[in-house]
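Quick note on the working numbering: the sequence shown kicks off at 3 and runs consecutively. All remarks here apply to the structure that follows.
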Amino acid sequence: LEKGIFELPDQPGGILGQEWWQFKIGNEVVGYGWIHEVTAGSNQILEISFVVIKEYRKYRISVGRHIVEHLEIVCKDKGATCVQAIVKTTNPYSQSVIRLLCSLGYGSTPSYQSIDELIKYSKDLANITGINILMQKVF
């Protein structure tokens, strides 16, 4: 994966944990999705993450949309009433990810008046490591 998309273990083959899915078109892997369960006090938060293989990011079907929709179904099956996704501003595709999540009904924390305002904010922070945008969707 391109630098800045995820923070992965330093050791190749390191354990990532949680639940993972592999998405394929035919026999070819086109993306991955996973759910991370976080406990905050007495609240259980389900956080989704996904990645689309570079060659399929502009495919005629939205691979990213398909992955997110699948992960949402799994979260609902687990009893979740809310799901969140964290968009890293260091991700070179953060604006596309934000647009996709907004089109699926996610809002940002803090909230912005428009998608364009949120995109501008993410561009302004693109070179700062450790700044993320929290996107949430209530079912």
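By construction, the Cβ of each residue, glycine as well, lies at the ideal position given by its N, Cα and C atoms. For clarity, every value in this text was computed on a predicted model and none was experimentally measured.
Could you name the residues of the same chain whose beta carbon sits closer than 6 Å to that of residue 77, not counting the 5 residues immediately before and after it, in chain order? Excluding sequence neighbours, residue 77 sits near 48, 85.
By how many angstroms is the C-alpha of residue 44 removed from the C-alpha of residue 56? Between residue 56 and residue 44, the alpha-carbon positions lie close to 38 Å from each other.
Through-space distance from residue 23 to residue 37, alpha-carbon basis: One C-alpha to the other measures close to 9 Å.
Alpha-carbon spacing of residue 134 relative to residue 124, whole angstroms: In this structure, the straight-line span from the alpha carbon of residue 134 to that of residue 124 is close to 8 Å.
Please classify residue 82 as buried or exposed, where buried requires at least 16 neighbouring CB atoms within 10 angstroms. Counting the other Cβ atoms within 10 Å of the Cβ of residue 82 gives 16 or more, which makes it buried.
Starting from the Cα of residue 108, find the closest Cα among 69, 90, 140, 59 and give me that residue. Out of 69, 90, 140, 59, 140 has the C-alpha closest to the C-alpha of residue 108.
Taking its Cβ as the centre, do 16 or more other Cβ atoms sit within 10 Å of residue 53, making it buried, or is it exposed? By the neighbour-count criterion, in which a residue is buried when 16 or more other Cβ atoms sit within 10 angstroms of its Cβ, residue 53 is buried.
Would you kindly work out how many angstroms separate the C-alpha atoms of residue 94 and residue 100, rounded to a whole number? When rounded, the distance between both Cα atoms is 12 Å.
In three-state DSSP terms, what is residue 123? Helix, per DSSP.
Local Cβ density within 10 Å of residue 69, reported as buried at 16 or more and exposed below that: Residue 69 counts as buried, since no fewer than 16 other beta carbons sit within 10 angstroms of its beta carbon.
Would you mind stating whether residue 28 and residue 65 have Cβ atoms separated by less than 7 Å? The Cβ atoms of residue 28 and residue 65 lie no closer than 7 Å to each other.
Minimum length 4: unbroken alpha helix (DSSP H) runs contained in the segment 26 to 85: Qualifying alpha helix (DSSP H) stretches, in chain order: 65 to 79.
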